[in-house]
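Trainee: In my numbering, the protein residues as written are 1 to 656. Glycine included, each C-beta is placed from N, C-alpha and C at the ideal position.
1. By the three-class DSSP mapping on this structure, what secondary structure does residue 312 have?
2. State buried or exposed for residue 327, treating a residue as buried only when at least 16 other CB atoms are found within 10 Å of its CB.
3. Which whole-angstrom value is the C-beta distance of residue 232 and residue 265, which I expect to be below 8 angstroms?
4. Taking the straight line between their C-alpha atoms, what separation do you get for residue 581 and residue 411?
5. Would the beta-carbon of residue 610 fall within 7 angstroms of that of residue 432?
6. For residue 296, which residues in the same chain have their Cβ closer than 7 angstroms to its Cβ, ignoring the five residues on either side in sequence?
7. For residue 435, I'd like the list of residues in its chain whose CB is within less than 7 angstroms of its CB, leaving aside the five on either flank, ordered along the chain.
8. Check whether the Cβ atoms of residue 102 and residue 198 sit closer than 7 angstroms, and answer yes or no.
9. Using beta-carbon positions only, say whether residue 275 and residue 230 come within less than 7 angstroms of one another.
10. Between the alpha carbons of residue 422 and residue 35, how many angstroms are there, rounded?
11. Could you tell me the alpha carbon to alpha carbon distance between residue 15 and residue 365, rounded to whole angstroms?
12. Could you give the DSSP three-state label for residue 630: helix, strand or coil?
13. Indicate whether the contact test is met: 3 or more Cβ pairs, each with one atom in the segment 41 to 56 and one in the segment 20 to 28, closer than 8 angstroms.
14. Since residue 206 and residue 340 should fall inside the 8 angstroms C-beta cutoff, what is the C-beta to C-beta distance between them, to a whole number of angstroms?
15. Based on Cα-Cα distance, which residue from 41, 38, 49 lies nearest to residue 20?
16. With DSSP as the reference, label residue 93 as helix, strand or coil.
17. Assuming residue 268 and residue 252 form a contact by the criterion Cβ under 8 angstroms, report the distance between their Cβ atoms to the nearest whole angstrom.
18. Report yes if the CB atom of residue 277 is closer than 7 angstroms to the CB atom of residue 314, and no otherwise.
19. Measuring only the C-alpha atoms, how far is residue 136 from residue 119?
20. Could you please give the first and the last residue of the uninterrupted alpha helix (DSSP H) stretch that includes residue 328?
21. Given a cut-off of 7 angstroms, decide if residue 511 and residue 487 are closer than it, judged by their beta-carbon atoms.
22. What residue from 162, 97, 517, 130 has the CA that sits closest to residue 562's CA?
23. Could you tell me if the beta carbon of residue 83 falls within a distance shorter than 6 angstroms of some heavy atom in the ligand COA?
24. State yes or no: is the beta carbon of residue 325 nearer than 7 angstroms to at least one beta carbon in chain B?
25. What are the start and end residues of each continuous beta strand (DSSP E) run of 3 or more residues lying completely inside the segment 97 to 171, in chain order?
26. Could you compute how far the alpha carbon of residue 438 sits from the alpha carbon of residue 467?
27. Restricting to Cα atoms, I'd like to know which of 568, 600, 152, 107 is closest to residue 39.
28. Quick one: give me the first and last residue of the alpha helix (DSSP H) that residue 675 is part of.
29. Can residue 97 and residue 211 be called in contact, C-beta distance under 7 angstroms?
30. Rank 171, 127, 112 by C-alpha distance to the C-alpha of residue 151 and give the top, closest one.
31. Mark residue 367 as exposed unless 16 or more other C-beta atoms lie within 10 angstroms of its C-beta, in which case mark it buried.
32. Smallest Cα separation from residue 66: which of 525, 243, 584, 570?
33. Give me whichever residues DSSP pairs with residue 186 in a beta bridge.
34. Are residue 363 and residue 634 closer than 7 angstroms when you measure CB to CB?
35. Would you call the segment 398 to 407 in contact with the segment 588 to 598, where contact means no fewer than 3 C-beta pairs closer than 8 angstroms?
36. Between residue 126 and the rest of its own chain, which residues show a CB-CB distance below 8 angstroms, the 5 nearest in sequence each way excluded?
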């Protein structure tokens, strides 16, 4: 199979992912080697490794019907098969949202289809994905490109239903195909398709999302709220032969355009079918002038800079790749899109991992470095003490022994003082968990679901959802106040040990309640924006509204679950550096006492003990350097995309 222009970034991402996983596994060994491994550290490293293993590099394609979305997917990814793999001929196009990937959990090849009738269910699409009874699976042979292409034709299937049934299933009346003589209308047969097959790029973690048009975006809230924003690149496709139609503008303004406000999502406007502007009687300069005029009009209609629109011919690009026609490939401009996609796709995905996951591993290394420095300081102090012992008498050595024993007694008091401090933090943690507890959320969910069941109008559904959101925010306000109190408690514990016992620490880890609050409000703001749109255009679709609210409730529940995990992690970690230093001090005093007693009883020489300490300090230096190297790998952020091909990175169009 021939390579595509996107091979390099996907392979680079795979290499970056493998190297990061290798570094994290080395970190686990380093923590064990230095006596700093703990169940909490293991869980944190496992979480990052699991995320690296299971996550995908996602490109989503959005736009109205007949804009060439599926043909562009064929040109970008599947030209190596020597034919169209996904159905994109005239009159046969993708009718349902389709995800193409390789299932790296089961490693199985399959084509699963979700019947359109499941829209009657109140369950979210994400919930239904895990319920096998709803899905239809058909055989998928990958032995030949022709057999695969034939199997994929199923996603073009439609069925005939009454207009009332279509509206009940969430289709907007104004976007339905015209009634036939028998009063029926045509709708997609399938709601969603999952295709897993071992394409080289898919096996390395690429996922492709093909969305079929306004009726799918409007009737599937999960596409707009979850699937599209989670992609690293979203391609909005227009057709040069159609211009920006009213339905194009509706898709852009209602569903796709708002994605530009999301961090780490590259949003591209692609003007497809530029080959309709080619004229054999015109010279290249004239054709370029015609294209420039179309780009200017499109930019004005979408209200975006002209540089944010990439012109291509997917059909000519596919043919050129299959026929190895370099001149036609250059004219199709498909390579320019591949280059921009390559950089943005890779950097956005790395940024997500680096910011959300790798920071936790960085904290583990930095805590470990602090512990090593503390150990080395104690060893150096012992070395200096032994240096001074060369001139000391037996009485002096005995005095030092008694001094160390006194320090041990003082340390025991410190260790006893740790217990009530730990209990204080745990009590506050339990209070925080109670504020956002499952019981509290279940109570709110039961109430809103009862309201949804009894609601007779869409207006009452919206009112009930507003009330649910207000109650969740109220719970979170209480949590934020208690979290600030927890942070003050932790700071007071550290201050006590610094002033009373002379121990030096970095500031305790902060529970970032205000950041969580901002994220919750942003989540609800996004949902409220969709609420307003749905209230205007979908008031007749009570089933759709119920599914949308079920998705909102699920998103809030998932968010609160993640916050609870963060609270538990904070509880395990906040006192850990303090405990680690106290225990290290204990080990150091025990070692120091053993050295002094051995010297006093003449079982060891001062010089021998000093050499042993020097070896231990050298070992710590080696381990510290190893930690520094690991930290350099983890702290190096992905290269930011710097290109003048398209100004997609400007804050106005793709905020970072």
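Mentor: So, from the listed chains and residues:
1. coil
2. exposed
3. 7 angstroms
4. 11 angstroms
5. no
6. 306
7. 475, 478, 479, 482, listed in sequence order.
8. yes
9. no
10. 21 angstroms
11. Distance between the alpha carbons of residue 15 and residue 365 is about 23 angstroms.
12. helix
13. yes
14. Not really, about 16 angstroms apart at Cβ, beyond 8 angstroms.
15. 49
16. coil
17. Wrong, their Cβ atoms sit about 12 angstroms apart, outside the cutoff.
18. no
19. Residue 119 has its alpha-carbon roughly 15 angstroms from the corresponding atom of residue 136.
20. 326 to 332
21. Yes, these two residues count as a Cβ contact at 7 angstroms.
22. 517
23. Annotation note on the ligand COA: not contained in the displayed structure, which lists no ligands.
24. Absent here is chain B; the protein component of the structure consists of one chain.
25. Here the runs fully enclosed are 98 to 101, 110 to 115, 136 to 138, 158 to 162.
26. 18 angstroms
27. The residue with the shortest Cα to Cα distance from residue 39 is 568.
28. In the structure as shown, the chain begins at 1 and stops at 656. Residue 675 is therefore absent and cannot be evaluated.
29. yes
30. The residue among 171, 127, 112 with its C-alpha nearest the C-alpha of residue 151 is 112.
31. Residue 367 is buried by the Cβ-count criterion.
32. 243
33. 160
34. Not in contact: residue 363 and residue 634 (Cβ atoms no closer than 7 angstroms).
35. yes
36. Taken in chain order, the residues that qualify are 222, 226, 551, 554.
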